Every structure is written in C-alpha cells, then in structure tokens.
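Numbering of the sequence shown is given in my numbering, commencing with residue 21 and proceeding in unit increments.
Notes follow once the structure below has been shown.
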Amino acid sequence: APQDGEYYLRLRTDSATVDTNYDLLLTLDQIHGALAPSGQFDYTVTDNAVQSSASAVVYNVSGTTINGSNNDEIIIGGTTNDTLKGFGGNDVLIGGGGNDALYGGDGIDRLEGGAGNDVLDGGAGNDLLIGGAGNDTLTGGLGADVFKWELADKGAPGSPAIDTITTGDFDTTAGSDKLDLRDLLQGETGSGVGANLENYLHFEKVGSDTQVHISSSGSFGGGYSAALEDQTILLQGVDLIGSFTTDQQVIQDMLNKGKLITD
21 APQDGEYYLR LRTDSATVDT NYDLLLTLDQ IHGALAPSGQ FDYTVTDNAV QSSASAVVYN
81 VSGTTINGSN NDEIIIGGTT NDTLKGFGGN DVLIGGGGND ALYGGDGIDR LEGGAGNDVL
141 DGGAGNDLLI GGAGNDTLTG GLGADVFKWE LADKGAPGSP AIDTITTGDF DTTAGSDKLD
201 LRDLLQGETG SGVGANLENY LHFEKVGSDT QVHISSSGSF GGGYSAALED QTILLQGVDL
261 IGSFTTDQQV IQDMLNKGKL ITD
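The following block contains the structure:
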C-alpha cells in the first residue's frame, strides 16, 4: 500500500550528447486522510546539465489552486474552477473548463481562460489575455497588453458573449494596450480600398464606459442591430469615442494609434 513520505523520480541518459526533449507526466490519483481533497504536494524539476541552461520549476498544488514560482512555467487547469498563479517569470496559464481565475504576476505572460466565465489578470509586463468562451473579466495590469478574441469565443446573434476590461485598465494612448480581433472578425478589411470594419464594429458610450458591439460576420452593413450582435466588449472607465460622431472615425483613430489589430 502507498506510504507517506518523499518520493523521487529520476530521468537519466547515458549519452554524453543529448538534444532530445523528454516529457514526464505525474498524476496525483488520491490524497488520503480527508473527505475533501486538502492535501498538498510539491515537485521540483531541475536540469543539471553543465552545457545547458538550468531550469527549476516548483508548483504547490492544493485543491484547485496551482501556484507557480519565479521561473518560466506552463500551468494548465482542469475542468473545475481553478485558480492559477504564475508569479514571476514569463508564464503560460491555461484555465481549461470551469470558471477560472488566472493571475500572471510579473513577466510577459499568456493567459487563456478557456470555457467558462473567467477572471484574468496579467499583472506587470506586456501580457496576452484570451478570455475564451463565456463572459470573462480581463485586467491587463501594468505594461502594453494585448486583449485577443478568437472566433470560438463569441456568442450567438442576439445573445452575445459579454467580456469586460476592468475600470481604466485599457490605456488609450498610442502604442499601449490593443484589441486583437483578427481571428474573431471574418472577411474584414482594415484599411485602404474596400475597408469595411464599420460592418463589424459599433461603438457606444454608456456613462463613463465604452461598449464595443461586434458582428463577427460583418452583418452591420445596414446599420447596427442588437439582433445581429454576437460579441460585446465593455471597456470600463474608458472613452474611445470622444468627439467622434461615426463608427468609422473611431475605428480609424484606433488604427492610427495601434489600438486595434485586424486583418
């Protein structure tokens, strides 16, 4: 029967020259001693090769919370409601299913919420945030961040997915935060002859916020209609409209400032 204590796994090669990557999968099957899983385990991966850059990864797993370290890590949640924390380093956090909370911490991080209503916080650094399907809440934090939407993230016409970029987080100055809609918008032309982004995007000022109404298929050609909208982006405490009176003016201003990425 399994015993309490410390266990070690070692992967060794007898070759003097190795350029092969190895994948080692460790599965925690059971934690005994409690009706609800509350035990913890730590694991450390160390590369001791003299001529290779050493790497060390330490995760602490307790229930559905995974804490990274100050190294570069890939942390993947499961199908339940997970909390993933990258701390330092340039991390990749993937929530998977469930309503997840992802915190990048310092470094240049990539956060992917996956399915569910997720909360993503990039922390410091120039981060990439992808909420995924569901109604997500996004905070880029310090740095020039990219908020990206993919086609599978949208809702249905008349029942859009609604994602929120939290109060004042989206920096409207040139060269800072960006909305990346390349994958979400289908068949759009961003600039030049045939530019048609006004068929996809409609901007509305509501109080101190800006709502970006989106038809991923470009169905606003005859004007905006809520029945055709399949994605909404709410930018809290941000005014993208100012003195502009048309969607095309807002779009052009965002393109000029590098705030909008399209095909």
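Backbone N, C-alpha and C fix where the C-beta goes; we use that ideal spot for every residue, glycine too.
Every value quoted in this text rests on a predicted model; they were computed, and no experiment measured them.
For Asp-267, the enclosing alpha helix (DSSP H) has its first and last residue at 267-276. In this structure, DSSP gives Glu-208 a state outside helix and strand, which the three-state scheme calls coil. Closest by C-alpha distance to Trp-169, out of Thr-157, Gly-241, Ile-128 and Ala-144, is Thr-157.
Taking a cut-off of 8 Å on C-beta distances, the segment 130-150 touches the segment 108-116, as three or more cross pairs fall below it. Residue nearest to Thr-103 within the set Glu-93, Gly-88, Tyr-220 and Asn-110 is Gly-88 (criterion: CA-CA distance). DSSP, reduced to helix, strand and coil, places Ser-179 within a strand of the structure shown. Burial is judged here by how many other beta carbons sit within 10 angstroms of a residue's own beta carbon; Gln-251 has at least 16 and is buried. Remark: C-beta atoms of Asp-147 and Asp-165 approach each other more closely than 9 Å. In terms of Cβ geometry, Leu-254 and Ile-185 form a close pair [threshold 9 Å].
Looking at Leu-205, Gly-152 and Lys-105, the one whose alpha-carbon comes closest to that of Asp-129 is Lys-105.
In this structure, DSSP gives Asp-173 a helical state, which the three-state scheme calls helix.
For Phe-240, the three-state secondary structure derived from DSSP is helix.
Per DSSP, Glu-249 has no beta-bridge partner at all.
Beyond the five residues adjoining it in sequence on each side, Ile-86 comes within less than 8 Å, by CB distance, of Tyr-79, Asn-80, Ile-95, Gly-97, Asp-102, Thr-103, Leu-104 and Lys-105 in the same chain, given in chain order. Setting aside the 5 residues that flank it on each side, Leu-204 is surrounded in the same chain by Trp-169, Glu-170, Leu-171, Asp-173, Lys-174, Ile-234, Ser-236 and Gln-251, each with a C-beta closer than 8 Å to its C-beta; the list follows chain order. Residue nearest to Asn-110 within the set Asn-91, Pro-177 and Thr-187 is Asn-91 (criterion: CA-CA distance). According to DSSP, Ile-114 shares a beta bridge with Ile-96 and Glu-132.
Bounds of the beta strand (DSSP E) holding Val-226 are 221-226. Per DSSP, the unbroken beta strand (DSSP E) holding Ala-121 starts and ends at 121-123.
Note on geometry: alpha-carbon atoms of Leu-280 and Ala-194 lie some 11 Å from one another.
Burial check for Asp-138: the Cβ neighbour count within 10 Å reaches 16 or more, so the residue is buried. One alpha carbon belongs to Leu-140, the other to Gly-241, and they sit about 33 Å apart. For Met-274, the CB contacts under 6 Å within the same chain, skipping 5 residues up- and downstream, are Leu-280 in chain order. Counting C-beta pairs closer than 8 Å gives fewer than three between the segment 207-226 and the segment 178-192, which falls short of the contact rule.
For the pair Ser-245 and Gly-151, the Cα-to-Cα distance works out to about 24 Å.
Listed as beta-bridge partners of Asp-126 by DSSP are no residues whatsoever.
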